[in-house]
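Here's the structure we're looking at; comments come further down.
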Amino acid sequence: MTFRLCFPKINLSGAGALADVPAELVAHGCVKPLIVTDSTLTRLGVVQPLVDGLKAAGLTPAIYDGVVPNPTVIQVEAAFAIFQAEGCDSIVAVGGGSPIDTGKAVRILSANPGPITLYNGVGKVGKVGAFLIAVNTTAGTAAEVTSNAVITDPAAQVKMVIIDANIIPDVSVNDASMMLGIPAATTAATGMDALTHAIEAYVSLGHHVLTDFSALEAIRLIAAFLPRAVADGHDLEAREMMAYGQFIAGLAFNSAGLGYVHAMAHQPGAVKDLPHGVCNAILLPIVEAFNRPHAVARFARIAQAMGVDTAGLSEEAASLAAIAAIRDLSAKVGIPHGFGELGVTEADLPTFVAKAQKDPCAPGNPVPMNDDQVLALFREAM
Ligand SMILES: [Fe+2]
Numbered sequence: 003m004t005f006r007l008c009f010p011k012i013n014l015s016g017a018g019a020l021a022d023v024p025a026e027l028v029a030h031g032c033v034k035p036l037i038v039t040d041s042t043l044t045r046l047g048v049v050q051p052l053v054d055g056l057k058a059a060g061l062t063p064a065i066y067d068g069v070v071p072n073p074t075v076i077q078v079e080a081a082f083a084i085f086q087a088e089g090c091d092s093i094v095a096v097g098g099g100s101p102i103d104t105g106k107a108v109r110i111l112s113a114n115p116g117p118i119t120l121y122n123g124v125g126k127v128g129k130v131g132a133f134l135i136a137v138n139t140t141a142g143t144a145a146e147v148t149s150n151a152v153i154t155d156p157a158a159q160v161k162m163v164i165i166d167a168n169i170i171p172d173v174s175v176n177d178a179s180m181m182l183g184i185p186a187a188t189t190a191a192t193g194m195d196a197l198t199h200a201i202e203a204y205v206s207l208g209h210h211v212l213t214d215f216s217a218l219e220a221i222r223l224i225a226a227f228l229p230r231a232v233a234d235g236h237d238l239e240a241r242e243m244m245a246y247g248q249f250i251a252g253l254a255f256n257s258a259g260l261g262y263v264h265a266m267a268h269q270p271g272a273v274k275d276l277p278h279g280v281c282n283a284i285l286l287p288i289v290e291a292f293n294r295p296h297a298v299a300r301f302a303r304i305a306q307a308m309g310v311d312t313a314g315l316s317e318e319a320a321s322l323a324a325i326a327a328i329r330d331l332s333a334k335v336g337i338p339h340g341f342g343e344l345g346v347t348e349a350d351l352p353t354f355v356a357k358a359q360k361d362p363c364a365p366g367n368p369v370p371m372n373d374d375q376v377l378a379l380f381r382e383a384m
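Heads up, the numbering used here is the position in the sequence shown plus 2, with the first residue counted as 1.
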């Protein structure tokens, strides 16, 4: 069996790493980058130091800051229109998953014919496209690491998932000093998303020795530092460790795959417009309690990574402690108890089940589930 491990070729990290971005563009011969971001980040002044740094290095950046949460074909086309009109030769995406996914889509259009809807699915991007730097401002989706872009097609009412190694950014940037102002609730939700990436990757059918070490270390870092980052957003050490934890969780799941937590979480997330991390956090202990008997040894190691003292415990008891530790962490960072309090009703569930079964994340789960099992888990998550 061969294994394909893929991630960005240059990864800049540490407080202040944003200042190293201009040199990467210069080294690659770029002169006119398009900054792809959202208006909140420009308004908060997060993007200005980048603009100043680029100009100081002799570059002439253009800006598109119209990205919205769950970006659509419309924002991709608007950003690409500026890329063309301004004669841009590179892209610097700044933000969480939405601006980075939009940047990946602009990269596709920079070298491949439109519309972007042609690239929905796996492995359809023929040419790599413009040099892409992804500056992550959350911790996190790990969009700066991955080969996925989620773009909504409003005409077809479809959330497209474009998956291709050709859209992995050339350079990822994780500068924790850009993450200090993230509100506590967002820190908790995005941190639990990262924990879900690490746990799903570690127990997935696609796991490999080349992804296990980063998945386990991500679990350790997130369990240790997420409560601190939530309690005090200006705790720079906690923010840095969360930035690294979510990054290495991304290294793991980008190549190992995910499972039913994501397959199910995508459904209430899309229909009720709920935060992705909250949906994952609600489902994580429920789905993993279902998976646990099929991966007892792995869940025992997850318990250890989460800081449980497993000395003297049987493997079975240690694996059960992992599920309890996930529930404890979720409660500690203030995740809602269930979907019922978020506007989901019993009537929504049959459609969620059908869509979860077709979700591209489902096949990675350590054990398959039938419709009745998925429905029972959704009910438990209410
Ligand atoms: Fe996720």
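Beta carbons: idealized from backbone N, C-alpha and C, even for Gly.
Annotated as distal: F85 and L253, with beta-carbon spacing of 8 Å or more.
The count of Cβ pairs closer than 8 Å, one atom from the stretch 68-77 and one from the stretch 145-157, reaches three, so the stretches are in contact. Ligand 1 approaches N282 closely enough that one of its heavy atoms is under 7 Å from the residue's Cβ. Around D91, the same chain offers C32, V33, K34, A132 as residues with beta carbons nearer than 7 Å, after the five sequence neighbours per side are excluded. Out of L331, D103, L111, the CA that lies nearest to the CA of A83 is found in L111. For the beta strand (DSSP E) assignment, the uninterrupted runs of no fewer than 3 residues enclosed by the stretch 138-226 are, from N- to C-terminal side, 150-155, 160-165, 173-176. One alpha carbon belongs to M266, the other to E317, and they sit about 28 Å apart.
As computed with DSSP, I93 is found in a beta bridge with L36, L134. Using a Cβ-Cβ distance cut-off of 8 Å, the stretch 322-329 and the stretch 166-184 are not in contact, since fewer than three pairs of beta carbons, one from each stretch, lie closer than that value. In the structure shown, L14 adopts extended strand secondary structure according to DSSP, grouped into three states.
Pairing M371 with C363, the inter-Cα distance amounts to about 13 Å. Shown here, I76 sits in a helix according to DSSP, grouped into three states.
For a cut-off of 8 Å, the C-beta gap from A203 to G247 is around 13 Å, too long to register as a contact. Every unbroken stretch of the alpha helix (DSSP H) spanning 4 or more residues and falling wholly within the stretch 276-331 is given here in chain order: 278-293, 298-307. The C-alpha of P171 lies about 6 Å from the C-alpha of I135. Inclusion of D195 in the 7 Å shell around ligand 1 follows from its C-beta lying nearer than that to a non-hydrogen atom of the ligand.
Secondary structure at I337: coil, using DSSP grouped into helix, strand and coil. Of P63, V108, L14, A245, the smallest CA-CA separation from A178 is found for A245. Judged by DSSP secondary structure, A64 falls within the beta strand (DSSP E) whose first and last residues are 64-66. Residue environment analysis places A358 among the buried positions, since at least 16 neighbouring C-beta atoms fall within 10 angstroms of its C-beta.
For V124, the beta-bridge partners assigned by DSSP are I165. A heavy atom of ligand 1 is found nearer than 7 Å to the CB of T198. With a cut-off of 8 Å on Cβ pairs, the stretch 230-239 is not in contact with the stretch 281-292, counting fewer than three such pairs. Rounded to whole angstroms, the gap between the alpha carbons of E242 and G16 is 7 Å.
In the displayed model, L351 falls within a helix according to three-state DSSP.
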